[in-house]
Every structure is written in structure tokens, then in C-alpha cells.
Amino acid sequence: MSGDDGESGRMKTVSVGASWGVVGVLGAAWGATGEGDTIGTEHLLVALADAKGETSRALGHSGATVAAQLAVVRERERVAGSWVSTDELADSVSSKELLGDDGDRGRLLSGAASRAFVRAMELAREEGTKKYGPTQLLRALLADESSRAAEVLQILGSGSASASGSGSGLPAGGGLDPLLWPTRDTLLGRRPPRGLPFWKRLLFTFAKGANLASHPVLWVSLDTLEQSRALGQEAGTEHVLLALLATHEVGLRHPHMANEGPVDPAVRHAGGARLAAMGVDYVSVRRAIERDDFELGEEERDFGAFLDAAAGDEGTGPLVEALLRGDTRARRLIESLGFAITSR
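Position in the sequence shown counted from 1, then plus 575, gives you the working numbering.
Here it is as C-alpha cells:
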């Protein structure tokens with residue numbers, strides 16, 4: 576790749592090659608565009624989160640995981656005109672022109688994405704390295720506050736400092752009780768759901784972009800197994816109750832994921848909202864179940880029957896109604912804690 580100070584309007588390139596890591600990021604970014612032909616900074620950011628190494632760890636630490644980012648990108652693309660940033664799409668250039676053999680003449684880079692690549696090359700040259708890598712590309716993206724990558728990070732609440740890896744090194748709790756961190760980390764794709772057969776865990780490991788919050792009953796079903804496993808107990812409707820509370824409270828902290836898609840959020844979160852309105856919260860219920868002397872009696876139906884019956888529902892309202900209407904351990908638990916069961 577050679578410098579070019581010639582034709583007016585052509586983007587200046589720098590004679591620094593791309594590392595294999597950047598080549599991999601480019602491939603992942605192509606995939607993130609779906610049926611589009613232009614890579615924007617939002618696609619590069621997703622690809623950097625998907626790459627192995629320092630950039631992925633930094634973005635994941637800040638909450639900008641693949642799953643979280645894609646939820647934002649999909650929603651922005653679903654709702655016309657919702658992007659604030661244009662990413663300078665009108666100034667898109669051929670990736671072949673800018674990146675040489677690492678590019679593709681049929682694929683374009685948005686103006687903002689092109690500028691990020693040029694800046695990454697400049698950073699590598701300033702640092703005296705022969706090739707620029709994902710780290711330089713991430714730093715270049717974070718330097719542009721008007722891009723779609725910056726817009727995604729702003730929505731996720733991930734500042735450029737934490738996304739660049741300059742934070743404390745500890746997972747940001749964001750005020751969330753540590754007991755809820757496993758539920759949060761599963762949602763963000765930091766870890767696969769626990770309590771599943773190996774092959775199912777493997778599926779979730781590869782499906783990094785899946786948003787469990789957009790399928791609330793499935794999320795509750797998976798988290799039910801997590802709750803019972805964490806407590807070392809056989810799963811029952813009390814663990815379904817815990818999962819309903821956990822997923823609802825985590826979803827409130829991640830509305831960009833909880834509200835993705837066309838389903839009315841009021842329908843999707845009806846069950847959790849009803850429990851919250853009754854004053855029921857995750858930590859109180861969890862502490863009660865942890866007590867050695869806590870007895871709830873037998874179930875009238877297996878917990879799985881409730882989850883199976885609700886599997887096709889768009890929200891958690893019918894599941895909560897079934898748990899509270901029946902003679903379940905979940906209902907007895909709520910009543911034993913002094914919460915009044917209200918109608919939906």
C-alpha cells in the first residue's frame with residue numbers, strides 16, 4: 576500500500592499493512608453487514624468485540640459485547656431513521672482502493688470507517704510498527720465521537736475509556752447485586768447458560784449475537800436451571816419465580832436488549848412488572864430460599880409444565896398468572912414472605 580497525495584478527493588492512505596487480526600476483523604465486519612455492501616463503524620465495532628484478544632476483552636468488560644451491540648444495531652436498522660449518525664455513508668469508498676489486497680472492490684467502507692482505518696495506519700506508523708492491528712483500529716474508532724460506533728457505545732453506556740481497556744479491570748457491576756451477575760453475563764453473551772447439556776452450551780457459545788431478552792420465556796427457562804444449579808437444589812416453580820425476577824431486573828438495566836424488536840415492551844415484560852408492582856424482588860426471594868428451615872411443600876405440577884405451556888407466549892404475563900393462580904411452591908413462597916398477590 577503506498578501513500579497518495581495526488582487526485583483531489585481521494586483519501587490519503589499510509590504505507591502500513593494490516594495484521595492478520597485486522598484481516599479477521601474485516602471478514603467479521605462483512606458478515607455483520609448482512610445483505611448490505613457497506614461496512615460502517617458499527618460493523619467494525621461488532622467485529623472487534625468478536626475477535627480474540629485485547630480488544631474483545633476491553634469491549635466485553637465495558638458491556639459492549641457482540642450480543643449487546645447487535646441488539647442496538649438491529650433495532651436501529653429495524654426502525655427507519657433511528658440512527659443519529661450518518662457514518663458519512665455519502666462519502667463511502669471502495670475498500671480495495673483504501674486497503675489494497677485486504678479489501679474487496681465490491682465492498683465499500685463508509686466515510687467514517689475509512690477514516691478509522693487511515694488513523695489506525697497512522698497510529699501504527701507513529702508507534703514504529705510495520706502493521707496495524709485490532710488495538711490501533713479500536714483506538715481510531717473511539718477517537719471519532721460522531722460515528723455510529725460511538726453512538727452504539729453511548730447507548731450501551733460504555734465510555735471510550737472503559738471500552739479501550741483503561742478501566743479498573745473488574746467487571747462493572749453498575750449497581751446490580753452480584754447475585755444477578757450470572758444472569759446478566761448470560762444475557763450479554765459473556766458465558767453460555769449453565770445447567771444445559773454440553774452440546775446446547777456449545778450452540779450458545781457460537782451464537783454470540785443472540786439476544787435472549789427478546790425471547791423472555793426462553794430466557795426464563797434457561798435461567799431457571801441456573802438458579803437451581805447455583806442453589807444446589809432440584810428445580811421447582813420457586814426457581815422459575817427467581818428466574819422471572821432475575822431476568823426482569825437485569826432487563827431493566829439493559830433496555831437496549833430487553834426492548835429490541837416489534838413486540839410491545841409492556842407485553843414482553845408484563846410478568847416481571849406485575850411481580851415488581853407487588854413489591855417482590857430477587858434478593859429477598861433468593862435469601863428466603865437459601866434458608867435451611869424453609870419448607871414449601873409439594874408441587875401440584877412439575878415446573879417444566881408451566882414453562883412448556885408458556886413457550887409460545889410473547890411475554891411473561893401468562894406464565895406469572897399461571898404460577899400465582901395455581902397451588903405452586905412459587906405462590907406459597909410469595910405469600911410466606913408477606914406479599915399480597917394482586918390481579919394482573
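Here a beta-carbon is modelled for each residue, glycine too, at the ideal position from N, C-alpha and C. Given the structure is predicted, the values throughout are model-derived calculations rather than measurements.
Classification of T917 by the beta-carbon crowding that lies within 10 angstroms, buried from 16 upward:
The residue labelled residue 917 in the question sits at position 342 within the sequence shown. Per the 10 Å Cβ criterion, exposed.
Can you check DSSP and say which residues form a bridge with K706?
Stepping through the sequence shown from its first residue, residue 706 is reached at position 131. Note: K706 sits in a beta bridge opposite G592.
Mind checking who L664 pairs with in its DSSP beta bridge?
As a position in the sequence shown, residue 664 is number 89, starting the count at 1. Per DSSP, none; premise fails for L664.
If you draw a straight line from the C-alpha of E650 to the C-alpha of G592, how long is it?
As a working mapping, residue 650 is identified with position 75 in the sequence shown. As a working mapping, residue 592 is identified with position 17 in the sequence shown. Looking at the two C-alpha atoms, the distance is approximately 34 Å.
Contact set for A665: own chain, Cβ-Cβ below 8 Å, skip 5 residues either direction
The sequence position of residue 665 within the sequence shown is 90, counting from 1. G686.
Just tell me which of G628, L717, V792 has its CA closest to the CA of A923.
Lying outside 576 to 919, the shown extent of the chain, residue 923 is not represented and no answer is given.
S660: which of Q729, P753, L762, E865 sits nearest, CA to CA?
Here residue 660 refers to the residue found at position 85 of the sequence shown. It is Q729 whose Cα lies nearest to the Cα of S660.
Is it true that the region 611–629 meets the region 672–680, where meeting means three or more beta-carbon pairs spaced less than 8 Å apart?
no
Rounded separation between P840 and H814 - CA only:
Taking the sequence shown and counting its residues from 1, the one referred to as residue 840 is at position 265. Taking the sequence shown and counting its residues from 1, the one referred to as residue 814 is at position 239. If you take the alpha carbons of P840 and H814, they lie about 24 Å apart.
Verify whether the separation of the beta carbon atoms of H831 and L684 is less than 8 Å.
In the sequence shown, residue 831 corresponds to position 256, counting from 1. In the sequence shown, residue 684 corresponds to position 109, counting from 1. No, they are not a contact pair.
Give the C-beta separation of T758 and V825 to the nearest angstrom, bearing in mind that I take them to be a contact with Cβ-Cβ under 8 Å.
What you label residue 758 is simply residue 183 of the sequence shown in a count that begins at 1. What you label residue 825 is simply residue 250 of the sequence shown in a count that begins at 1. At roughly 5 Å, the Cβ-Cβ gap stays under 8 Å, so T758 and V825 are in contact.
Assign G578 to one of three DSSP states: helix, strand, or coil.
As a position in the sequence shown, residue 578 is number 3, starting the count at 1. Here G578 scores only 42 on pLDDT, less than 50, and its place in the model is too uncertain to base an answer on.
Best match in G609, D625, L898 for proximity to F881 [C-alpha to C-alpha]:
Stepping through the sequence shown from its first residue, residue 881 is reached at position 306. When only C-alpha atoms are compared, the closest one is L898.
By alpha-carbon positions, which one of A851, K706, K783, G811 ends up nearest to G872?
Taking the sequence shown and counting its residues from 1, the one referred to as residue 872 is at position 297. Answer by Cα proximity: G811.
Which whole-angstrom value is the C-beta distance of L817 and V860, which I expect to be below 8 Å?
Counting from one through the sequence shown, the residue named residue 817 turns up at place 242. Counting from one through the sequence shown, the residue named residue 860 turns up at place 285. Contact between L817 and V860 holds: CB atoms are separated by about 6 Å, below the 8 Å threshold.
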